[in-house]
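Let me begin by presenting the structure, written as structure tokens, before commenting on it.
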Amino acid sequence: MNVTRFAPSPNGSLHLGHAFSAIVAHDLARQSGGRFLLRIEDIDGARSRVELAAEFREDLAWLGLTWEEVPAQSSRVDEYEVAAATLAAMGLLYPCKCTRAEIAAASMAMGPDGPVYPGTCRIDPPAGDDPVSWRLDVAAAMARTGMLAWQDELAGEQVARPDLAGDVVLVRKDADTPASYHLAVTLDDAADGVNLVTRGADLFAATHIHRLLQDLLGLPVPRWHHHALLLDTDGNKLAKRRNSPSLADRRRAGEDGLALAAQLRAGEMPGGITLSTRLHDMA
Ligand code: GLU
537 MNVTRFAPSP
547 NGSLHLGHAF
557 SAIVAHDLAR
567 QSGGRFLLRI
577 EDIDGARSRV
587 ELAAEFREDL
597 AWLGLTWEEV
607 PAQSSRVDEY
617 EVAAATLAAM
627 GLLYPCKCTR
637 AEIAAASMAM
647 GPDGPVYPGT
657 CRIDPPAGDD
667 PVSWRLDVAA
677 AMARTGMLAW
687 QDELAGEQVA
697 RPDLAGDVVL
707 VRKDADTPAS
717 YHLAVTLDDA
727 ADGVNLVTRG
737 ADLFAATHIH
747 RLLQDLLGLP
757 VPRWHHHALL
767 LDTDGNKLAK
777 RRNSPSLADR
787 RRAGEDGLAL
797 AAQLRAGEMP
807 GGITLSTRLH
817 DMA
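Taking the working numbering, the leading residue of the sequence shown gets 537, the next gets one more, and so forth.
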């Protein structure tokens, strides 16, 4: 029995790529007699717009999906803090005051999510009272866990390579966003009982970090299903702020949501959109 989830961030309207993602997760749950969860990922207080959550629910219902909604991230901040304190007590977090620009200028290596942090503040801890973020010391964490593996339903068995992303931020310095995506999503999937994490292939690389966090925090290990991405006519993945009409626009224009869902299930992509064949590393 699969417990899957669709976990949109309410910082822009949903587009066809989200519809596809939600349908894949929904169907993988239903086909196994399992549960399909909706979680609003509103950890980014500055960018989240509360009213979009209502729009998302209308979009999903228009596509003919049914779901159980689990608590939004904004209601789980205390749990994120407890987990961060646990990792800090294990000596695996260090404070960092570097800005994005400083990291881009200093780092030599590119990781799956941009420049890899070169460890500046691990080597030379920051002084003063400026706000700091907290980074995971990935080498120390991996030394503690040993080699880890994870299972993707499409890509097969993977050896976890959290080192490729480097020392990621787990606690952000801006007060609006207390935990990073990596920490919040890992804890939420465990708390919600998700046993098949279904999401786009653009998040494939993030799973290496999540697998490490699960081991460190003693969380259950789910399976993953990173599905293909919808690409626009230029071969770029569809983006909220770019090229594709939102689901809400289509719905309000009177389009038939059930017919659209049937089309997406059949792999018939509307208007110039294609499905990527690459299963991972698509940022
Ligand atoms: N909240 C993320 C997004 O909207 C998805 C996270 C996930 O599925 O793990 O892109």
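Cβ atoms here follow ideal geometry from the backbone N, Cα and C, with glycine treated the same way.
List in chain order: all unbroken beta strand (DSSP E) runs of 3+ residues lying wholly within the region 615 to 675.
629 to 632, 669 to 672
Verify the contact flag: Glu577, CB atom, against every heavy atom of the ligand GLU, threshold strictly below 6 angstroms.
Closer than 6 angstroms to some heavy atom of the ligand GLU: that describes the Cβ of Glu577.
For Met805, which residues from the same chain have a beta carbon less than 7 angstroms from its beta carbon, with the 5 sequence-adjacent residues on both sides left out?
Leu766, Leu811
Should Pro544 be listed as close to the ligand FMN, given that the test is whether its C-beta is under 6 angstroms from any heavy atom?
By its list of ligands, the structure shown excludes the ligand FMN, since it contains just the ligand GLU.
Once DSSP output is grouped into helix, strand and coil, what is the label at Phe572?
strand
Taking 6 angstroms as the line, does the beta carbon of Arg735 fall inside it for any heavy atom of the ligand GLU?
yes
Measure the beta-carbon distance from Leu783 to His562 and round it to whole angstroms, keeping in mind my assumption that it falls under 8 angstroms.
So it is not a contact: roughly 14 angstroms between Cβ atoms.
So, Arg541 versus Arg575, is the Cβ gap smaller than 7 angstroms?
yes
Taking DSSP as the reference, what is the three-state secondary structure of Glu605?
strand
Check the C-beta distance from Ile639 over to Pro631 and give it rounded, since I have them as a contact under 8 angstroms.
Incorrect: roughly 15 angstroms between the Cβ atoms, too far for contact.
What residue range is occupied by the uninterrupted alpha helix (DSSP H) comprising Val721?
717 to 727
Using 10 angstroms around the beta-carbon of Ile659, count the other beta-carbons present and answer buried if the total reaches 16, otherwise exposed.
exposed
Beta-carbon within less than 8 angstroms of Leu599's beta-carbon, same chain only, minus the 5 sequence neighbours each way: which residues are those?
Ala555, Ala558, Ile559, Leu783, Gly793, Leu794, Leu796, Ala797
Starting from the Cα of Ser526, find the closest Cα among His551, Leu732, Ala701, Asp770 and give me that residue.
Residue coverage of the chain in this structure runs from 537 to 819, which leaves residue 526 outside it and unanswerable.
If distances are taken between C-alpha atoms only, which option among Asp710, Gly692, Ala645 comes closest to Leu700?
Selected option, being the one with the closest Cα: Ala645.
Run through the DSSP bridge pairs and tell me what Lys773 is partnered with.
Leu767
Within 10 angstroms of its Cβ, does Met537 collect 16 or more other Cβ (buried), or is it exposed?
exposed
Around the C-beta of Pro823, are 16 or more other C-beta atoms found within 10 angstroms, so that it is buried, or is it exposed?
It is not possible to answer for residue 823, since the shown part of the chain is limited to 537 through 819.
With which residues is His761 paired in a DSSP beta bridge?
Thr734
Shorter than 6 angstroms, the distance from the beta carbon of Val721 to the closest heavy atom of the ligand GLU, or not?
yes
Suppose the cutoff is 8 angstroms on Cβ atoms and the five residues either side in sequence are ignored; what does the same chain contact list for Arg801 look like?
Ile559, Asp563
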